[in-house]
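When you line the sequence shown up against the numbering used here, it's residues 121 to 303, in that order.
Since the structure comes first, as C-alpha cells, the remarks are kept for the end.
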Amino acid sequence: MVHKKIAVLIGSLRRESYNRKMALNLIELAPESLKLEILEIGQLPMYNQDLEENPPREWVEFRQHLKDSDGVIFITPEYNRSIPGALKNAIDVGSRPLQDNAWAGKPGAVISVSMGSLGAFGANHHLRQSLVTVNVPVMPQPEAYIGGAAKLFDENGKLNESTREFVKKFILSYADWVDHLRS
Ligand code: FNR
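Laid out in C-alpha cells, this is it:
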C-alpha cells in the first residue's frame, strides 16, 4: 500500500501539552493509508524577510518537509483568542518565497484543544483564515473543538473512549478528504 505522508503541526511548545497528547493519539488512530509524522516548529527562527537572501537551515528543512508531504494537520491551543505565535511563525515561514509557497494545495485539517469549554473555537477559525491565504484546502467537516482537555487523558496520555471514537471518525474523514483532493 502507498502511504500518504502527513505532517502534523502542534501549536503548543509545552512539554506536557494536551495538544501534543492529542497528536500522539491521532497518530495511533490513523488508518494504514496515512503516515502521520510530527513536524516540529519550535526551532524555527522568527520570520524576517531580510533573511531570505540566505535562509536559515531550519527554514529550508521545514519548507522541504512540507513540500514532501501529501497533507497537513494542525492541532492547536488558543492563545488570547487566536493561535500561538509559534504556529503563526511556522505558517509564515512555509509561505515564502511567494512563488514557492510550500503549503500550496496540501489537504489540511484542524483540531483545536483547550482546557476551557469553548474548545479553542477562536484559534481554530483564525487558523482557517490564514490557511485560505496560503492555499491549504481545509476539511470543513467534522469540526473538532475539543474542550475540557485536562480531563480527557489518563496518566499515560491515552484519550478517553468517547473522544477516541470521535478522533477516529475525524481521521477517517480526513483520509477521504486527502483521497478526494489528490485523485
Ligand atoms: C491561554 N489559554 C487560553 N485558553 C483559551 O481557551 N482561550 C484563550 O484565549 C487562552 N489564552 C491563553 C493565552 C496564553 C498566553 C496561554 C499560555 C494560555 C489556556 C490554554 O488553552 C491552555 O494553557 C492549554 O492547556 C494550552 O495548550 P497545551 O499547551 O496544553 O497544548
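Every residue gets a Cβ at the ideal spot worked out from N, C-alpha and C, and that includes glycine.
CB contact flag (residue i, residue j, <9 Å)
i	j	result
Ile266	Val233	yes
Ser293	Pro262	yes
Val192	Ala229	yes
Leu146	Val287	yes
Leu251	Tyr138	no
Ile161	Asn221	no
Leu154	Arg284	no
Arg201	Ala243	yes
Leu207	Gly131	yes
Nearest neighbour of residue i, chosen from the options [CA to CA]
i	options	result
Pro197	Leu133, Gln219, Leu171 and Pro260	Leu133
Asn276	His123, Glu136, Ala127 and Leu129	Glu136
Glu157	Arg140, Leu247, Ser202 and Asn221	Arg140
Leu218	Met259, Gln169 and Gln163	Gln169
Phe163	Leu149, Phe182 and Pro151	Before going on, a small fix: residue 163 reads as Gln here, not Phe. Of the candidates Leu149, Phe182 and Pro151, the one whose C-alpha sits nearest the C-alpha of Gln163 is Phe182.
His123	Ala295, Met142 and Tyr199	Ala295
Trp297	Lys226, Met235 and Leu238	Lys226
Gly236	Gly205, Tyr199, Leu207 and Lys278	Tyr199
Asp299	Lys187, Pro151 and Met142	Pro151
For residue i, the three-state DSSP class (helix, strand or coil)
i	result
Ser232	strand
Glu181	helix
Ser282	helix
Leu146	helix
Arg226	A small correction: the amino acid at residue 226 is Lys; Arg does not occupy that position in the sequence shown. Lys226: coil per DSSP, three-state reduction.
Glu157	strand
Val122	coil
Tyr265	strand
Gly191	strand
Ala240	coil
Cβ neighbours of residue i in the same chain (closer than 6 Å, five flanking residues each side left out)
i	result
Phe241	Tyr265
Arg248	Val258
Leu159	Ala127, Leu129 and His185
Lys125	Lys155, Ser189 and Asp190
Asn280	Leu272
Phe290	Pro262 and Ala264
Cβ neighbours of residue i in the same chain (closer than 8 Å, five flanking residues each side left out)
i	result
Leu171	Pro165 and Trp179
Tyr167	Asn209, Asp212, Val213 and Arg216
Val254	Ile211, Gly214, Ser215, Asn221, Trp223 and Ala224
Anticipated Cβ contact below 8 Å, residue i with residue j, distance rounded
i	j	result
Ile203	His246	6 Å
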